[in-house]
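Going letter by letter, the sequence shown gives residues -22 to -1, 1 to 193 in mature numbering (1 follows the signal peptide of the UniProt record, and there is no 0). Contents: one structure, followed by commentary.
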Amino acid sequence: MNPVNLLVLTLYLATSIVSISTQKHEKGPWLRVGDGVTVHANVVFDSTVKNDKTKRQPTAKNFRRLFQGVQRYFHTEKVFVKFVVKSAEKKDALAVKGKWESVNASATLEKVIKYAEEQQPSNDTITYFFTETPLLERSKGSDLAGSELYFKATFNTFCNKTPSAAVVRYYSLESSEGTVAATAWTFGEKKHKNFNLRDYWRMNAKFSHCPRNTR
């Protein structure tokens, strides 16, 4: 075969393979995890969290709207878990105050974990604590303010024997990215978007330990 024609044929085949691979990546039925899995959200918050419109204490209905946004986000990323808000109540005592009008992220998370343990939740429950106060992570032995976080959560605990818990900086009921990132963290993912094959494989293995709703 003419070398030029051979080169053209090679490039054509390579392009076709990439195109098919891309289509499979975008539309393939295997690129779908979380079907039948429910995240039961046990929501607690402190006095700084207010309903965006009424400026009053938010209700479970308000938080359901927030978690609808979280669910939409995960579905866009082909993670088809369902979110159900079990309850929402104010618990100021869970917030551990830090310096500089902040909340100590690690210490607060420890209290939320203990609170979650007391509730004896199912392994597909995540206890979320929301606060509008800045979350700070201080370095040990340092008097500096430390790093400001938008969430602090247990890692890779969803659907295992360890309670799943998260402390999330609250901005508004329309702002769900911190909650999404915290949830992904409990799934064992250190990122919450642009998942790759390994991420999907890992989450699929994780979800195999969850109760399944087959209806």
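The beta-carbon is built from N, C-alpha and C at its ideal position, and this holds for glycine as well. Because the structure is a prediction, the values reported are computed rather than measured.
Would you decide whether T109 is buried or exposed? Buried here means 16 or more other CB atoms lie within 10 Å of its CB.
Taking the sequence shown and counting its residues from 1, the one referred to as residue 109 is at position 131. So T109 ends up on the buried side.
CA-to-CA distance, F61 to V11, given in whole angstroms
Mapped onto the sequence shown, residue 11 falls at position 33. Mapped onto the sequence shown, residue 61 falls at position 83. Taking the straight line from one Cα to the other gives about 14 Å.
What does DSSP give as the partner residues of L114 in its beta bridges?
Stepping through the sequence shown from its first residue, residue 114 is reached at position 136. N82 and E126.
Selection from P141, H18, Y148 and V27 that minimises the alpha carbon distance to K68
In the sequence shown, the residue the question calls residue 68 occupies position 90. Per the Cα distances, V27.
Between the Cα of T37 and the Cα atoms of Y51, V22 and V48, which residue gives the shortest distance?
The count along the sequence shown starts at 1 and reaches residue 37 at position 59. When C-alpha distances from T37 are compared across Y51, V22 and V48, the shortest belongs to V22.
Inter-stretch contact at 8 Å, needing at least 3 Cβ pairs: the segment 47 to 58 / the segment 91 to 106:
Short answer: they don't touch.
Please name the residue, chosen from S25, R34 and F58, that lies closest to Y178 on a Cα-to-Cα basis.
As a working mapping, residue 178 is identified with position 200 in the sequence shown. The shortest Cα separation from Y178 among S25, R34 and F58 belongs to F58.
Spell out the partners DSSP gives E67 in its beta bridges.
In the sequence shown, counting from the first residue as 1, residue 67 sits at position 89. Paired residues: V22.
Can you give the Cα-Cα distance for T111 and F165, rounded to whole angstroms?
By one-based count along the sequence shown, residue 111 stands at place 133. By one-based count along the sequence shown, residue 165 stands at place 187. Rounded to whole angstroms, T111 to F165 spans 25 Å at the Cα level.
Which of the three DSSP states, helix, strand or coil, is assigned to V146?
Your numbering for residue 146 matches position 168 in the sequence shown. Strand.
Give me the Cβ distance between L44 and L151, rounded to the nearest whole Å; I'm assuming they're in contact under 8 Å.
Taking the sequence shown and counting its residues from 1, one reaches residue 44 at position 66. Taking the sequence shown and counting its residues from 1, one reaches residue 151 at position 173. Yes, they are in contact, since the Cβ atoms of L44 and L151 sit about 5 Å apart, within 8 Å.
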